[in-house]
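In our numbering, the protein residues as written are 1387 to 1627.
Below, the structure written as structure tokens:
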């Protein structure tokens, strides 16, 4: 069995044009916001469902059916299955991928990282956004296999991130692997996620930026490593007003 875990619905349309075989799981969660430190995986999904309900008004049943149930399939992949994790470089996608590796930690699947094509330094956090189906096929052809040590490191990264263990995150940032490009920058951002984004919003407002339309693009320029979309920045703005 072959699985392709896509980072969001935005990539699905072009992915279907690639002709690549396998079951598609669309990762529709956002691990960079809300509670993620639960006692067990069942409580984790219930915790996330309650957060999504409170934060965005989404129905709890819909959450489990459209979001959690798909991601949870990773716990049940068969031995020898192939799992392709299509994730971008920034923290938004990295944290989601770390959760996938946590769910896959006990599996005997063959796990691969499919990353965006090499981009200019100013564009590295833009991910798959401008990729055509041909680009996605090229990404797939240059995918990297997760060694056992890489999977174990992904579990550690998830554990440190969910516990907001900044010291451990910075230590993990020293790990080097083709499966974890830009890990140092991402871990540094993760270590400051509780303070740095809000601080930047305050700085932008102090510089005269006002409203989401002006603040969001500037936030992306200065803190693209977080991978926040306009919804995450909007919620930050609401909390600071």
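Quick reminder that beta carbons are idealized off the backbone N, C-alpha and C, glycines included.
{"Query": "Local conformation of residue 1389 per DSSP, three classes", "Result": "strand"}
{"Query": "Exposure label - residue 1421; buried when at least 16 CB within 10 Å", "Result": "exposed"}
{"Query": "As assigned by DSSP and simplified to three states, the class of residue 1602", "Result": "helix"}
{"Query": "Per-residue DSSP class, three states only, for residue 1482", "Result": "helix"}
{"Query": "contact_flag[the segment 1525-1536, the segment 1427-1443] where n(CB pairs < 8 Å) is 3 or more", "Result": "no"}
{"Query": "Short Cβ contact (8 Å threshold) for residue 1541 with residue 1491", "Result": "yes"}
{"Query": "Residue 1531 in three-state terms, based on DSSP", "Result": "strand"}
{"Query": "Host alpha helix (DSSP H) of residue 1427 (start-end)", "Result": "1427-1442"}
{"Query": "Cβ-Cβ distance between residue 1388 and residue 1468 below 8 Å", "Result": "yes"}
{"Query": "Residue 1556 vs residue 1577 beta-carbon contact at 8 Å", "Result": "yes"}
{"Query": "CB of residue 1473 within 8 Å of CB of residue 1483, strictly", "Result": "yes"}
{"Query": "Closest residue to residue 1430 among 1417, 1442 and 1441 (Cα-Cα distance)", "Result": "1417"}
{"Query": "First through last residue of the beta strand (DSSP E) which encompasses residue 1497", "Result": "1496-1500"}
{"Query": "6 Å CB neighbourhood of residue 1568 in its chain, flanking five on each side removed", "Result": "1475"}
{"Query": "Residue environment, residue 1518, which counts as buried when at least 16 other CB atoms sit within 10 Å", "Result": "exposed"}
{"Query": "Reduced DSSP category for residue 1593 - H, G, I as helix; E, B as strand; rest coil", "Result": "coil"}
{"Query": "Three-way DSSP call (helix, strand, coil) for residue 1542 in this model", "Result": "helix"}
{"Query": "Residue span of the beta strand (DSSP E) that contains residue 1471, given as start and end", "Result": "1468-1472"}
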